[in-house]
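What follows is one structure encoded as structure tokens, with my remarks underneath.
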Amino acid sequence: MKYHLVILGCQMNQADAERVQAVMAKMGYAAAETEEEANVIGIIACSVRQKAIDKVYSKIAKWNKWKNKRNLITFVSGCILPDDHQKFLKLFDLVFDMKELASFPAMLSQYGVTTPVSNFGRLHDEELVEIAAPASVAEKLNFAGAKPVSKVAAAPQTWEVEPIYNSNFEAFIPIQNGCNKFCTFCAVPYTRGREVSRSSADIIEEARQLVEKGYKSITLLGQNVNSYGLDKKGEELSFAQLLDALGQMADDSGRDVWIYFTSPHPRDMTRDVIETIAKYRSLAKQIHLPVQSGDDKVLIRMNRKHSMERYREVVGWIRELIPSATLFTDVIVGFTGETEEQFEQTRAAVREFRYNMAYIAMYSPRPGAASFAWQDDVAHAVKKERYAMLTGDLEKVAFEHTRKLKDETVRLLVRGKDKKDGYLSGHTEGKIIVRFPSDDENLIGSFVDVRIESVRPFSAEGELVTREVEA
Amino acid sequence: MQKRRFNLHTILEKRVLTDSSFVLRLERNGLEFTAGQHIQVGPPNGIHTREYSIYSAPSDDFIEILVREIEDGVVTPTLKKLETGDSVVVNDAVGYFTIDKEVAEGRQFLFVASGTGISPFHSFVKAFPSLNYTLVHGIRFADEAYERHHYEPSRYIACTSRDQKGDFHGRVTDWLTQNPLNNDTLCYLCGNCDMIHDVYDILEKQGVSSKNIFTEVYF
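If you read the protein sequences in the order shown, they are chains A and B.
Those letters in the first sequence? Residues 1 to 471, per this note's numbering, in order.
Those letters in the second sequence? Residues 1 to 219, per this note's numbering, in order.
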């Protein structure tokens, strides 16, 4: 029996998919390269953009036609809005919340597919679940007023499934799910629910195993990753304490690993998070801090819950405590009601904060988000113009950073073949893309040193100096 | 137990305030919250919910929400039809529009609301009886001064834009322009976004730091 999984959307969906793949493998399913070969086809949906949802409808229409000719079971999970959920119930054989993942084999068995459900263990209702804290890690932790909790109430079952990682050198670890912020442009609170933190003991153990296996890059994931622990009201580590535990564990391992996190919310960012990143070599000196707009009134309309004064304070901590850190951000241009003057404030913010990278999006109303009901009153042509202007501003400030790399030797995690023939590419600790001439695919997944010879605003090119020496 | 599992809360009381607005008093069912936070509420058999700031105080053994019917809305017309004994779905309270007691000690507060945006202030006033506040409420007609007897008369100002039966005829922005603040005042603004933007501009001009302005946009 074979399955095929279509994954749409963000890194959280990627991480969820790795756990779905693990469940399928444990049921004895092999991954099929194409939909045509599969007996079970699933889709991890994304509701952030209409285009992604349209793709789900298009796929299921095709798959349902196939059912006239062959046996096929279809399922959908991921980020699904209530309206779409109702429609999917009629279109897919199975619709489940990722929190119910451990129950998925039982659901599939209702379709006559025998699965070793008992292997999945903890199928539970609303009971408190004992999760063993790994003594070796837990004993090392000595935080005043907080300790790793070993009991998690109603934690999503997806976290109990050991994932099959899609890479053998970089991995995502979900640490938090859901959102309490209710930004008006975003539907996540309606698809993933409230903020729930995963047990710190589980997170530390998963990270420890990855480090031991030689993973080079680990990214902690969450919709508001630095809201970690807040839902547990003092019964769980804070985000800074979690980073401290991970930094200590990784540094003590003697291995080289870069630990990242995404995405934090400026409102919940604390100085001790930045202090902790500065303290450990394994905590990567790259911070993604979404600003969305540089204008306070646009931020109010976006219901962002932070002001520019607050954002400025956080960036100040970063510059003070980790001067070498690269700073990335997200920006939306042309949000409902955004005036020329307000857009100019965003341009000023890009110049002020001198980002290394910004993911700039032209605003488009997202079904399910509060702003979907508002008039999308900034003309598309104006959005395009603002997008181009802001990209130009970004290029200038980013180039100031990459220019400094010229003739420097930087450490790189090689991630794969570059688009340019005969080149490999990877990124620095600060996630600056660098390519170098080499066709030695054995380097993929290892650290190398590269001397930078030419630079562009967001990337660089160089020559291989040394490759990682395996211990 | 089953109710808790499905987040169902029975309606204990329904107080009709105007033709289109009403207060629903719901079973508390152990729901924890801080004054100023909001919950998602929806009909029990529907798929849609909406966010409502909690109108009651954390010390009450019930939860109340203030609802204004949106005629072509998806949720409020159904909520309006519900009666005592019916149930609604309620999700956990969240939100950051709260008062830090330590910071608030001895401070002067300005609360500015439009329409049902008065809800969190109702909760604040019940939760902190000794609060030194002025509540400026922007409404169209005086009968929308929802349960004004719950506030000290000298602290509540109904700004009516379409009749002259309020305490002040005009918009909240007019009142604020005519009554400049001490710039050390902690200002809380709740309601529609346009009102919040206009008030924000006035407060900035009066020298209030953005650090002292807290907003909750109703959408």
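For glycine and all other residues, C-beta sits at the position ideal for the given N, C-alpha and C.
Worksheet entry | Alpha-carbon to alpha-carbon, A/Trp258 and A/Asp330 | So the alpha carbons of these two residues sit roughly 22 Å apart.
Worksheet item: In terms of residue numbering, what span does the beta strand (DSSP E) encompassing A/Asp330 cover?
Response: In the DSSP annotation of this structure, the continuous segment of the beta strand (DSSP E) that includes A/Asp330 starts and ends at Thr326 to Val333.
Worksheet entry | Between the CA atoms of A/Leu72 and A/Pro266 - distance to the nearest angstrom | Rounded to the nearest angstrom, the gap between the Cα atoms of A/Pro266 and A/Leu72 is 46 Å.
Discussion item. Which residues in chain A have a C-beta closer than 8 Å to the C-beta of B/Arg200? List them in chain order.
Written reply: Before going on, a small fix: residue 200 of chain B reads as Tyr here, not Arg. Within chain A, the residues near B/Tyr200 are Asp296, Lys297 and Ile300.
Worksheet item: Would the beta-carbon of A/Asp296 fall within 8 Å of that of A/Thr346?
Response: No, these two residues do not count as a Cβ contact at 8 Å.
Item to complete: Please state whether DSSP places B/Gly166 in a helix, a strand or coil.
Response: Look at B/Gly166 here: in three-state DSSP terms it is coil, with no helix or strand label.
Discussion item. Can you pull the chain C neighbours of A/Gln86, defined as C-beta to C-beta under 8 Å?
Written reply: Any reference to chain C falls outside this structure, whose protein chains are A and B.
Worksheet item: Using the C-alpha atoms, what's the distance from B/Leu82 back to B/Pro43?
Response: Cα to Cα, B/Pro43 sits roughly 9 Å from B/Leu82.
Discussion item. Is it the case that the segment 321–338 of chain A contacts the segment 297–308 of chain A, given that we only count it when at least three CB pairs across the two stretches are under 8 Å?
Written reply: Yes, since at least three Cβ pairs between the segment 297–308 of chain A and the segment 321–338 of chain A fall closer than 8 Å, the two stretches touch.
Item to complete: Pick out the complete beta strand (DSSP E) segments inside the segment 203–236 of chain A, 3 residues or longer, and give them in chain order.
Response: Within the segment 203–236 of chain A, the complete beta strand (DSSP E) runs of at least 3 residues are 217–221.
Worksheet item: With respect to the beta strand (DSSP E) encompassing A/Thr466, which residues constitute its N-terminal and C-terminal limits?
Response: Per DSSP, A/Thr466 belongs to the beta strand (DSSP E) from Ser459 to Arg467.
Worksheet item: A/Arg194 versus chain B: which residues are under 8 Å apart at the beta carbon?
Response: What A/Arg194 touches in chain B: Asn91, Asp92 and Val94.
Worksheet item: Would you say B/Ser210 reaches chain A, if we count a Cβ-Cβ gap shorter than 8 Å as a contact?
Response: With 8 Å as the cut-off, B/Ser210 counts as an interface residue toward chain A.
Discussion item. Give me the subset of the segment 324–340 of chain A whose CB atoms are less than 7 Å from a CB atom of chain B, sorted by chain position.
Written reply: Cβ contacts with chain B: none found.
Worksheet item: Can you give the Cα-Cα distance for A/Lys140 and A/Tyr228, rounded to whole angstroms?
Response: A caution first: A/Lys140 carries a pLDDT of 36, below 50, which makes its placement in the model too unreliable to give a value.
Worksheet item: Mind pulling the chain A residues with CB within less than 7 Å of B/Thr215?
Response: Ile300, listed in chain order.
Worksheet item: What is the DSSP secondary structure of B/Cys159, reduced to helix, strand or coil?
Response: When secondary structure is reduced to three states using DSSP, B/Cys159 falls in the strand class.
Worksheet item: Nearest-angstrom Cα distance between A/Tyr215 and A/Asn166?
Response: A/Tyr215 and A/Asn166 have their alpha carbons spaced roughly 12 Å apart.
Worksheet entry | Sequence-distant residues of the same chain with beta carbon closer than 6 Å to A/Glu206, five excluded per side | Answer for A/Glu206: Ile173, listed in chain order.
Discussion item. Between B/Lys81 and the ligand NAD, is there a pair consisting of the residue's CB and a ligand heavy atom that are separated by less than 7 Å?
Written reply: What this structure holds is no ligand at all, so the ligand NAD is not there to describe.
Practice prompt. Determine, using beta-carbon pairs with one atom in the segment 225–241 of chain A and one in the segment 262–278 of chain A, whether at least three such pairs fall under 8 Å.
Written response: Taking 8 Å as the limit for Cβ pairs, the verdict is that the segment 262–278 of chain A does touch the segment 225–241 of chain A.
Discussion item. Tell me the residue span of the beta strand (DSSP E) that contains A/Pro484.
Written reply: Summary: the structure shown does not reach residue 484 of chain A, with chain A confined to residues 1 through 471, and so no result is reported for it.
Item to complete: Quick one: residues in its chain with C-beta nearer than 6 Å to the C-beta of A/Thr409, no 5 flanking neighbours on either side, listed in chain order?
Response: Hits under 6 Å: Asp449, Arg451 and Val465.
Worksheet entry | Residue(s) in a DSSP beta bridge with B/Phe62 | According to DSSP, B/Phe62 bridges with B/Glu27.
Fill in: Limits of the unbroken beta strand (DSSP E) element including A/Thr262
Taken as a continuous stretch (DSSP letters only), the beta strand (DSSP E) holding A/Thr262 covers Trp258 to Thr262.
Discussion item. So, at 6 Å on beta carbons, what are the nonlocal neighbours of A/His4 in its own chain, with the 5 sequence-adjacent residues on each side left out?
Written reply: The residues are Ala32, Glu35, Ala38 and Ile41.
Worksheet item: Taking a cut of 8 Å between CB atoms, which residues from the segment 179–192 of chain B lie near chain A?
Response: Taking 8 Å as the cut-off between beta carbons, none of the residues of the segment 179–192 of chain B comes near chain A.
Discussion item. Extract the residue ranges of the beta strand (DSSP E) inside the segment 175–202 of chain B, only unbroken runs of 3 or more that lie entirely within it.
Written reply: Within the segment 175–202 of chain B, the runs of beta strand (DSSP E) that reach at least 3 residues and sit entirely inside it are, in chain order, 186–191.
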